[in-house]
Amino acid sequence: MAKVLMFVPPVLFAGLAAMFFVGMQRENPDELPSALAGKPAPAVRTEPLGDHPPFEDAILRAPGVKLVNYWASWCAPCRVEAPTLEALAADGVEIHGVNYKDKPENAEAFLAELGNPYATLGADASGRMALDWGVYGVPETYVIDGKGRIVLRFPGPVTERVLEETIRPAMEKAAAAAR
Numbered sequence: 001m002a003k004v005l006m007f008v009p010p011v012l013f014a015g016l017a018a019m020f021f022v023g024m025q026r027e028n029p030d031e032l033p034s035a036l037a038g039k040p041a042p043a044v045r046t047e048p049l050g051d052h053p054p055f056e057d058a059i060l061r062a063p064g065v066k067l068v069n070y071w072a073s074w075c076a077p078c079r080v081e082a083p084t085l086e087a088l089a090a091d092g093v094e095i096h097g098v099n100y101k102d103k104p105e106n107a108e109a110f111l112a113e114l115g116n117p118y119a120t121l122g123a124d125a126s127g128r129m130a131l132d133w134g135v136y137g138v139p140e141t142y143v144i145d146g147k148g149r150i151v152l153r154f155p156g157p158v159t160e161r162v163l164e165e166t167i168r169p170a171m172e173k174a175a176a177a178a179r
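In this text, residue positions in the sequence shown follow UniProt numbering: the first is 1, and each later residue adds one.
Below, the structure written as structure tokens:
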């Protein structure tokens, strides 16, 4: 028995080394994969946020490419992405916002200060909808095709670089799939 136990540490080490090696061979080792990519987006279950047009489930299933952006007033990276989202909205991109685990008055102050790029808004005060969507943290942005399927999940702030290298190509892919 002692001879068998002698081989356990090297075998465990070899297995761990193999897992690390496989993980490092991914195209983008920092990427957090989404189990929902290519599948219908989970149902939208938000509460109204102020007097803003409400984000409802039918919007996701409507024709056209759209973005869903999870954000919060307490989220520093959300402040970073605000100008990029404003520019996207000015370009005619349909963005729907989900305010995550936030106080409504803080969310309203955030929008008043940094602008409101959202066509519709909803609040997910409990975080339940975010769990259904697989949100790890805010900000997170989803590209949704015209059939309500998730084309891309991007965790982190949408910067100019992310927009050009990741979000816009996913939007083009979603638009092409609709043709």
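Glycine included, C-beta positions come from ideal geometry on N, C-alpha and C.
Computed from a prediction, not measured in an experiment: that's the story for all the values here.
Contacting residues, own chain, Cβ-Cβ under 6 Å from Arg26 (five flanking each side not counted): Only weak support exists for where Arg26 lies, its pLDDT of 47 falling under 50; the value from the coordinates is given anyway. Nothing meets the Cβ criterion.
Euclidean distance between Cα positions of Ile167 and Ser73: 23 Å
Proximal residues to Ile150 (C-beta, below 8 Å), its chain only, five neighbours per side dropped: Ser34, Leu36, Ala37, Gly38, Lys39, Pro40, Ala41, Tyr142, Val143, Ile144
Three-state secondary structure assigned by DSSP to Pro42: coil
Glu159 - containing alpha helix (DSSP H), residue span: Just to set this straight, residue 159 is Thr in the shown sequence, not Glu. Note, Thr159: premise wrong, no alpha helix (DSSP H); not H, not E.
Buried or exposed by the 16-neighbour rule on C-beta atoms within 10 Å, applied to Pro29: With a pLDDT of 44 at Pro29, under the threshold of 50, the predicted position of this residue should be treated as unreliable, though the coordinate-derived value follows. Counting Cβ neighbours within 10 Å, Pro29 comes out exposed, since fewer than 16 surround it.
Residue burial classification, Ala170 (beta-carbon count within 10 angstroms, cutoff 16): buried
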